[in-house]
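Numbering (mature numbering (1 follows the signal peptide of the UniProt record, and there is no 0)), first residue to last: -20 to -1, 1 to 398. Glycine included, C-beta positions come from ideal geometry on N, C-alpha and C. Nothing here was measured: the structure is a model prediction, and the numbers come from that model. Note sheet for the following structure.
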């Protein structure tokens, strides 16, 4: 009785047992403030329903993310789950033992929501599932209708490579910057080389080169793709200071109406607004998407697209609570919020049905009708080869390397990785 009285005096009897909480750290690359708010809101909803779990949302900018992730995954500060573009980088992470298999923990409902393609994309060579797909993306040629009209360029005239180059010259003659590019970050430049490879070499040619067959990436089609890129670069179509401009700079330059075109992922719809000076960017009625020009004699299918099947991967120390969080985040109801506000095109079944943004609807249709939806080359080919692809693409954009040398260096990187 004395112990009970003492406890009462100290207030101990009134203290309920503290519930142990599991912390889930989700490393992301989302930079648009309103999209970050949405992610925070979804995390708050989840934590209200799951008081035993705390979700933290650390952020790294795109380039810092790529540079630091491998080191992070081997450290005590490794996130539980993190953004991934899949492809060769993801497969190497799985092979290195950095990831946790989740096929026995992820619910059937969550698996069905992303479909067989979403599961296959994050199933490694060992047969284990290490992540879940979140969204599909496409790299498209955004254009400013007002600047096209000002220069007297008919968008339909740019459907072929010859017509495209003629249009670029017309813009230059009119004193309008034809194309914005963030060559400092390199990966924006790799979209040009990649799209030209998709057109010139096609799916079978690219896949054979990635396997190291024949002349690989030093083959004729890849040298030609580089020559086409140099043909464009020689016209000096980019904004002044493009080699020192990052993605955000180029996106803002386009969003401010200073360049006629920007080859970038569909996420640039929101990013170019956020990066523009007035935070409004180009109005919808003045914005358009051009088909990437075709190349005479190219082996690619005209419907071929380039983009991603983005997702969320689980690090080796991820808890079951991390799986529960991702299931909640990736469900139809929450992903529909991203679709509604046109941040990206969710893969979760039914989530994209609420999309009304005409550009996102068009992009979803492009991907659905594609003969080949090529994964971003710098991701598909793994970090080492992908890094060389990005380096060579930036040099090609700057007209500072020959197409032959660039192709041989990429082949050499592939050979070293096999």
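{"Query": "Given 8 Å, three or more beta-carbon pairs between the region 241 to 259 and the region 113 to 124", "Result": "yes"}
{"Query": "Cβ distance (whole Å) where residue 166 is taken to contact residue 374 below 8 Å", "Result": "4 Å"}
{"Query": "Proximity of residue 273 and residue 157 at Cβ, strictly below 8 Å", "Result": "no"}
{"Query": "Cβ-based burial, residue 168 [other Cβ within 10 Å; buried from 16]", "Result": "buried"}
{"Query": "Distance between residue 233 and residue 261 (C-alpha atoms, nearest Å)", "Result": "9 Å"}
{"Query": "Expected contact under 8 Å - CB spacing of residue 394 and residue 185 to nearest Å", "Result": "The pair is not a contact, with the Cβ atoms about 14 Å apart (cut-off 8 Å)."}
{"Query": "Distance CB(residue 179)-CB(residue 280) smaller than 8 Å", "Result": "yes"}
{"Query": "Residue 48 beta carbon less than 8 Å from that of residue 40", "Result": "yes"}
{"Query": "Rounded separation between residue 239 and residue 300 - CA only", "Result": "48 Å"}
{"Query": "Top-ranked residue by Cα proximity to residue 172, from 105, 302, 241", "Result": "241"}
{"Query": "Residue span of the alpha helix (DSSP H) that contains residue 349, given as start and end", "Result": "338 to 349"}
{"Query": "Coarse secondary structure for residue 39, derived from DSSP in three states", "Result": "strand"}
{"Query": "Buried versus exposed call for residue 160 [16 or more other C-beta atoms within 10 Å across all chains shown]", "Result": "buried"}
{"Query": "C-beta atoms of residue 302 and residue 112 nearer than 8 Å", "Result": "no"}
{"Query": "Residue -4 versus residue 3: straight-line alpha-carbon distance, rounded", "Result": "Reliability of the predicted coordinates at residue -4 is poor, the pLDDT of 49 falling under 50, and no value is obtained from them."}
{"Query": "Check whether residue 366 and residue 68 have beta carbons under 8 Å apart", "Result": "yes"}
{"Query": "Residue 35 and residue 26 closer than 8 Å at C-beta", "Result": "yes"}
{"Query": "Cβ-Cβ distance between residue 132 and residue 150 below 8 Å", "Result": "yes"}
{"Query": "Presumed contact (8 Å Cβ cut-off) between residue 327 and residue 98, rounded CB distance", "Result": "5 Å"}
{"Query": "Beta-carbon spacing of residue 58, residue 110 below 8 Å", "Result": "no"}
{"Query": "Proximity to residue 212 [Cα-Cα], best of 289, 142, 296", "Result": "142"}
{"Query": "Residues of its chain near residue 163, where Cβ-Cβ distance is below 6 Å and the 5 sequence neighbours each way are ignored", "Result": "169, 222, 223, 374, 377"}
{"Query": "Three-way DSSP call (helix, strand, coil) for residue 364 in this model", "Result": "helix"}
{"Query": "Segment contact flag, the region 195 to 204 with the region 376 to 392, C-beta cutoff 8 Å, min 3 pairs", "Result": "yes"}
{"Query": "Endpoints, the beta strand (DSSP E) within which residue 159 is located", "Result": "157 to 160"}
{"Query": "Rounded distance between the beta-carbons of residue 80 and residue 295, thought under 8 Å", "Result": "6 Å"}
{"Query": "Cβ shell of residue 82 (< 6 Å), same chain only, five flanking positions each side left out", "Result": "109, 294, 303"}
{"Query": "Same chain, Cβ closer than 6 Å to residue 189, five either side skipped, listed in chain order", "Result": "196, 197"}
{"Query": "Beta-bridge partners of residue 21, as assigned by DSSP", "Result": "For residue 21, which the question treats as bridged, DSSP gives no partner whatsoever."}
{"Query": "Among 92, 65, 254, 20, nearest to residue 42 - alpha-carbon criterion", "Result": "65"}
{"Query": "Of the residues 289, 23, 329, 225, the one placed nearest residue 308, counting alpha carbons only", "Result": "23"}
{"Query": "Exposed unless 16 or more other CB atoms sit within 10 angstroms - verdict on residue 146", "Result": "exposed"}
{"Query": "Three-state secondary structure (DSSP) of residue 100", "Result": "helix"}
{"Query": "Local conformation of residue 51 per DSSP, three classes", "Result": "helix"}
{"Query": "Beta bridge counterpart(s) of residue 191 as assigned by DSSP", "Result": "DSSP lists no partner for residue 191."}
{"Query": "Where residue 3 sits in the DSSP three-state scheme", "Result": "strand"}
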